[in-house]
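First up is the structure itself, then whatever we jot down about it.
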Amino acid sequence: MPHKGEGRGGGWGREQPLPPHPTPAGGRAGRSGGAELRRRDELPDVEKLGRRRGRKMDSVEKGAATSVSNPRGRPSRGRPPKLQRNSRGGQGRGVEKPPHLAALILARGGSKGIPLKNIKHLAGVPLIGWVLRAALDSGVFQSVWVSTDHDEIENVAKQFGAQVHRRSSEASKDSSTSLDAIIEFLNYHNEVDIIGNIQATSPCLHPTDLQKVAEMIREEGYDSVFSVVRRHQFRWGEIQKGVREMTEPLNLNPAKRPRRQDWDGELYENGSFYFAKRHLIEMGYLQGGKMAYYEMRAEHSVDIDVDIDWPIAEQRVLRFGYFGKEKLKEIKLFVCNIDGCFTNGHIYVSGDQKEIISYDVKDAIGISLLKKSGIEVRLISERACSKQTLSSLKLDCKMEVNVPDKLAVVDEWRKEMGLCWKEVAYLGNEVSDEECLKKVGLSGVPADACAAAQKAVGYICKCNGGRGALREFAEHIFLLMEKDNERLIAVFLKFLVNASKNFIKIDFVLYTVKLCVCVLLMMLKLYLFGDSLSGKTCPSIN
Numbered sequence: 006m007p008h009k010g011e012g013r014g015g016g017w018g019r020e021q022p023l024p025p026h027p028t029p030a031g032g033r034a035g036r037s038g039g040a041e042l043r044r045r046d047e048l049p050d051v052e053k054l055g056r057r058r059g060r061k062m063d064s065v066e067k068g069a070a071t072s073v074s075n076p077r078g079r080p081s082r083g084r085p086p087k088l089q090r091n092s093r094g095g096q097g098r099g100v101e102k103p104p105h106l107a108a109l110i111l112a113r114g115g116s117k118g119i120p121l122k123n124i125k126h127l128a129g130v131p132l133i134g135w136v137l138r139a140a141l142d143s144g145v146f147q148s149v150w151v152s153t154d155h156d157e158i159e160n161v162a163k164q165f166g167a168q169v170h171r172r173s174s175e176a177s178k179d180s181s182t183s184l185d186a187i188i189e190f191l192n193y194h195n196e197v198d199i200i201g202n203i204q205a206t207s208p209c210l211h212p213t214d215l216q217k218v219a220e221m222i223r224e225e226g227y228d229s230v231f232s233v234v235r236r237h238q239f240r241w242g243e244i245q246k247g248v249r250e251m252t253e254p255l256n257l258n259p260a261k262r263p264r265r266q267d268w269d270g271e272l273y274e275n276g277s278f279y280f281a282k283r284h285l286i287e288m289g290y291l292q293g294g295k296m297a298y299y300e301m302r303a304e305h306s307v308d309i310d311v312d313i314d315w316p317i318a319e320q321r322v323l324r325f326g327y328f329g330k331e332k333l334k335e336i337k338l339f340v341c342n343i344d345g346c347f348t349n350g351h352i353y354v355s356g357d358q359k360e361i362i363s364y365d366v367k368d369a370i371g372i373s374l375l376k377k378s379g380i381e382v383r384l385i386s387e388r389a390c391s392k393q394t395l396s397s398l399k400l401d402c403k404m405e406v407n408v409p410d411k412l413a414v415v416d417e418w419r420k421e422m423g424l425c426w427k428e429v430a431y432l433g434n435e436v437s438d439e440e441c442l443k444k445v446g447l448s449g450v451p452a453d454a455c456a457a458a459q460k461a462v463g464y465i466c467k468c469n470g471g472r473g474a475l476r477e478f479a480e481h482i483f484l485l486m487e488k489d490n491e492r493l494i495a496v497f498l499k500f501l502v503n504a505s506k507n508f509i510k511i512d513f514v515l516y517t518v519k520l521c522v523c524v525l526l527m528m529l530k531l532y533l534f535g536d537s538l539s540g541k542t543c544p545s546i547n
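Using the working numbering, the letters of the sequence shown map in sequence onto residues 6 to 547.
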């Protein structure tokens with residue numbers, strides 16, 4: 006597959022099948038389960054080559070053998086070299102500081118498939134925000150960087166807590182590769198020993214994946230590790246006029262087509278990340294030396310290149326994405342700004358000076374669903390809204406208008422109900438909502454909210470204020486609460502399974518436990534959400 010430019014590790018195409026591992030005569034390559042690694046063949050060492058010639062090569066000859074003649078700083082074509090262990094990686098004598106591992110996300114502004122793809126909102130979060138959150142929360146990087154040439158991308162990166170490297174125009178061309186941008190970054194940062202090149206287009210990446218790969222690099226001495234996914238896909242040769250008039254199977258015998266469960270499948274690069282040590286990259290490689298792959302779960306292997314990928318990725322992220330270290334507490338109070346959130350902010354005045362506002366019936370249903378699930382709903386406004394107009398809406402919610410300090414009022418409501426801030430959700434759209442948005446456990450804004458409010462939240466709706474934003478945010482709350490319940494059930498299930506293995510190792514017991522937990526999960530959903538999870542409340546969950 007031809008190289009597609011930035012975002013694919015140094016010229017390697019996406020989801021290419023890896024070369025098969027050599028197996029001993031009569032042997033069989035086993036299948037790796039979960040996130041496992043397999044060591045690649047170690048490639049010829051320069052010093053060993055000298056010994057085979059009958060003498061040990063001196064440092065000058067070794068330098069010449071690995072020298073770079075390419076003007077871009079890459080070595081001549083061929084297989085990546087096997088590298089010597091670096092004393093900075095913990096193998097040298099004496100106690101030295103640990104190698105500096107830096108996460109680097111490449112995000113130029115000139116994406117051709119989707120303009121400014123890297124900061125387009127996916128499930129309420131800028132695309133690059135998903136991988137930045139995972140990288141920062143993993144705790145394995147001494148620094149997290151975004152390499153970009155665009156001001157808006159820089160602002161989003163800093164908002165999420167990353168440092169920014171402004172790349173040159175030379176490394177930002179359509180023809181520039183990932184390796185060009187990484188080498189430029191290293192030229193400016195001598196302190197970095199290991200690069201973790203994370204692709205911004207992989208929003209289902211989890212911190213645990215990065216933690217395990219960092220351990221492989223630091224503790225097990227690998228020079229490079231890259232992510233793969235297992236695919237069960239049969240491949241066929243391409244028909245080319247004048248060259249090949251009929252297709253041929255590439256990885257199967259059509260007379261003996263294996264069942265999925267009888268076939269290990271093949272490993273493909275999924276493009277989520279490429280980790281490599283500095284000296285390997287400076288020789289022009291992201292994969293080489295003592296290298297291994299890291300097998301990611303199929304549901305976490307999401308990659309976005311074109312618009313058609315976007316809705317699919319959004320559904321996958323909502324189900325399998327990483328939403329942060331802090332576990333969501335059960336939301337018990339929902340506060341919404343009236344003007345610009347529940348309404349579209351437009352005010353109509355009749356001839357007799359009466360105020361008229363409009364709202365979307367979907368948002369009124371959203372309030373009803375929140376209340377049915379046991380969440381208290383209250384509305385707030387800094388404007389002196391007409392109480393007569395608001396009462397005519399018949400929302401059966403407590404409302405507070407003409408509020409100069411919204412944070413003080415929400416804090417009073419919180420204390421009145423005996424809640425902590427993590428149990429409060431807030432939907433706002435103005436500068437006056439900013440402090441509340443920063444304080445609560447779950448915050449959101451409509452798509453047309455002001456810039457200050459958007460910077461303070463964890464979720465940005467696709468709908469505008471007064472046009473379904475409240476209903477959308479309510480569905481987001483239901484989804485997160487369900488995910489958290491599923492996590493608790495999974496922990497409980499694991500505990501019961503381990504306990505049963507310790508006392509009675511019988512398959513029947515495991516089956517019974519799983520069945521009981523499934524029933525318990527259904528009962529919990531009905532108890533916590535009632536009718537809110539039935540019908541059409543949250544179609545994205547189905």
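Idealized CB from N, CA, C, for every residue including glycine.
*Please name the residue in Y279, V149, V197 and M404 whose C-alpha comes closest to that of K102.*
V197
*7 Å CB neighbourhood of A140 in its chain, flanking five on each side removed*: A108, F146, V149, I203 and L215
*asked:* For G166, which residues in the same chain have their Cβ closer than 6 Å to its Cβ, ignoring the five residues on either side in sequence?
replied: L141
*Using the Cα positions of D410 and A456, report the straight-line distance between them to the nearest angstrom.*
20 Å
*Rounded C-alpha distance that separates P208 from K376*: 32 Å
*What number of angstroms, rounded off, separates the C-alpha of L424 from the C-alpha of I222?*
44 Å
*Label L255 either buried or exposed according to how many other C-beta atoms from any shown protein chain fall within 10 Å of its C-beta, with 16 as the threshold for buried.*
exposed
_Y299 beta carbon less than 8 Å from that of K217_ = yes
_Closest by C-alpha distance to P316, when choosing among K359, L127, N160 and H237_ = L127
*According to the neighbour-count rule (16 or more other Cβ atoms, all chains shown, within 10 Å of its Cβ), is Y193 buried or exposed?*
exposed
*Measure how close the beta-carbons of S229 and N275 come, nearest whole angstrom, since I'm counting them as under 8 Å.*
No, S229 and N275 are not in contact; Cβ-Cβ is about 16 Å, not under 8 Å.
*For K125 and I110, the rounded distance between their alpha carbons*: 16 Å
*Can we say the segment 363-381 touches the segment 465-479, given the rule of at least three CB pairs closer than 8 Å?*
yes
*Kindly list the residues whose CB is nearer than 7 Å to the CB of E428, restricted to its own chain and excluding five residues on each side of it in sequence; keep chain order.*
K334, E335, I336, K337, L338 and G446
*Check whether the segment 230-240 touches the segment 285-303, counting contact only when three or more Cβ pairs, one atom from each stretch, lie closer than 8 Å.*
yes
*F280 and I199: beta carbons closer than 8 Å?*
yes
*Note down, in chain order, each residue of its chain lying with its Cβ closer than 6 Å to the Cβ of L395, except the 5 sequence neighbours on either side.*
M404
*Taking C-alpha atoms, which residue in I361, G471, E487 and C466 lies nearest to N131?*
Sequence inspection shows Pro at residue 131; the Asn mentioned does not correspond to that position. The candidate whose alpha carbon is nearest that of P131 is C466.
*Report yes if the C-beta distance between G270 and R236 is below 8 Å; otherwise report no.*
yes
*asked:* Need the endpoints of the beta strand (DSSP E) that W150 sits in, please.
replied: S148 to T153
*To which residues does DSSP link R235 through a beta bridge?*
L272
*Can you check DSSP and say which residues form a bridge with N202?*
L109 and Y279
_Could you compute how far the alpha carbon of A162 sits from the alpha carbon of S437?_
24 Å
*Taking only the alpha-carbon atoms, compute the straight-line gap between V366 and C468 and give it to the nearest angstrom.*
14 Å
*Leaving out the 5 sequence neighbours to the left and right, which residues in its chain are closer than 6 Å to S448 when beta-carbon positions are compared?*
Y431, L442, V462 and G463
*Which value, in whole angstroms, describes the spacing of the CA atoms of S181 and A303?*
29 Å
*Leaving out the 5 sequence neighbours to the left and right, which residues in its chain are closer than 6 Å to G129 when beta-carbon positions are compared?*
Y464 and I465
*Ignore the nearest five residues each way along the sequence and tell me which others in L285's own chain have a CB closer than 7 Å to its CB.*
L88, D228, S229, G293 and G294
*Residue nearest to N342 in terms of C-alpha spacing, selected from I309, P451 and E487*: P451
_Rounded to the nearest angstrom, what separates F325 and L484 at their Cα positions?_
11 Å
*If you run the structure through DSSP and keep just helix, strand and coil, what is V382?*
strand
*Rounded to whole angstroms, what's the CA-CA distance from R93 to L106? Just pull it up for me.*
Interpretation of R93 is limited by its pLDDT of 47, a score under 50 that renders its predicted location unreliable; no figure is taken from the coordinates.
*Helix, strand or coil: how does DSSP classify Q245 here?*
strand
_Limits of the alpha helix (DSSP H) - the one that A186 falls within_ = S183 to Y193
*L210 to L184, Cα distance in whole Å?*
21 Å
*Leaving out five residues before and five after V354 in sequence, what residues of the same chain have Cβ atoms less than 8 Å from its Cβ?*
E360 and I361
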